[in-house]
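Everything in the sequence shown is counted per the working numbering, starting at 242 for the first residue and increasing by one. First the structure, in the form of structure tokens, and then the observations on it.
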Amino acid sequence: MKSMDLFKLLLVLLPAMLLIYVFLIRGWLDNTPGIGGGGYDLTNMYTLAGTGMYLVVLNLFFLIQGAIDNKYYLLAGILLLVIVVVIAVRTF
Numbered sequence: 242m243k244s245m246d247l248f249k250l251l252l253v254l255l256p257a258m259l260l261i262y263v264f265l266i267r268g269w270l271d272n273t274p275g276i277g278g279g280g281y282d283l284t285n286m287y288t289l290a291g292t293g294m295y296l297v298v299l300n301l302f303f304l305i306q307g308a309i310d311n312k313y314y315l316l317a318g319i320l321l322l323v324i325v326v327v328i329a330v331r332t333f
């Protein structure tokens, strides 16, 4: 596998690892309020918004760079974007 393919794979897997950490692992390890203070935990909202924007930009980058060469990365990016939208709808 070429180094550019490994870099693209890392770029696609990074938001998936972030979502797994914030929504699964962090919930099991720490049950204290997150950022925002008081009784509100805004970590999930900011994580979903940031991850969604990141995935939109990443998918646009893959499209501009060449959709034929990046078809599997685009598919994974679109699938992750759909997952982010579904989690956002269910969370809020």
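Don't be surprised by glycine CBs; every beta carbon is placed ideally from N, CA and C.
DSSP, read as helix, strand or coil, puts leucine 283 in coil. Lysine 243 and isoleucine 261 have their C-alpha atoms roughly 27 Å apart. Leucine 299 and alanine 257 have their C-alpha atoms some 13 Å from each other. With a cutoff of 7 Å on beta-carbon distance, alanine 329 and leucine 289 are scored as near each other. Distance check between tyrosine 287 and each of Lys312, Tyr314, Leu320, Phe264 places Phe264 closest, using alpha-carbon atoms only.
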